[in-house]
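Student:
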Amino acid sequence: MAHLTTELETYRSNVDAWIDHVGEFAVIRGKKVIGFYSSYADAVQVGYSECGLKPFLVKQVRVIENTHFVPLLMRAANGTLHAEN
């Protein structure tokens, strides 16, 4: 299983119930939510304090997740690259 897969699944399955924590940073280890913090720095500090060097997730609680689109690069017959929409 890939790193943080369980933590991301825990985030996704609970985020709708965290409306009171929108904008805060969740600290998650496995299926356990350690807490919510107002700054990324505080969340990371608590994560290291609680988890040590074991993997943990710090993720900002959002109502709508950002999506980034990357255009497909195509190589023209003359060898130049151009973006395909």
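Residue numbers (this note's numbering): -9 to 75.
Yeah, the Cβ is synthetic: ideal placement off N, Cα and C, and Gly gets one too.
Computed from a predicted model, the values in this text were never measured in an experiment.
(1) So, under 8 Å CB-CB, V48 and G13 are touching, yes? Tell me the CB distance rounded to an integer number of Å.
(2) Hey, how far is the Cα of V5 from the Cα of L43?
(3) Considering only the beta carbon of each residue, do S29 and F15 sit closer than 8 Å?
(4) Along the chain, where does the alpha helix (DSSP H) containing L(-2) start, and where does it finish?
(5) Would you list the one or two residues that DSSP bridges to Q35?
Tutor: In terms of the structure at hand:
(1) The count along the sequence shown starts at 1 and reaches residue 48 at position 58. The count along the sequence shown starts at 1 and reaches residue 13 at position 23. About 14 Å separates the two Cβ atoms, so there is no contact after all.
(2) Reading the sequence shown from its first residue, position 15 is the one you call residue 5. Reading the sequence shown from its first residue, position 53 is the one you call residue 43. Rounded to the nearest angstrom, the two C-alpha atoms are 25 Å apart.
(3) Residue numbering aside, residue 29 sits at position 39 when the sequence shown is read from its first letter. Residue numbering aside, residue 15 sits at position 25 when the sequence shown is read from its first letter. If you check the CB distance, S29 and F15 come in under 8 Å.
(4) If you number the sequence shown from 1, residue -2 lands on position 8. Counting along the chain, the alpha helix (DSSP H) containing L(-2) begins and ends at -5 to 4.
(5) Counting from 1 along the sequence shown, the entry for residue 35 is found at position 45. DSSP output for Q35 lists no bridge partner at all.
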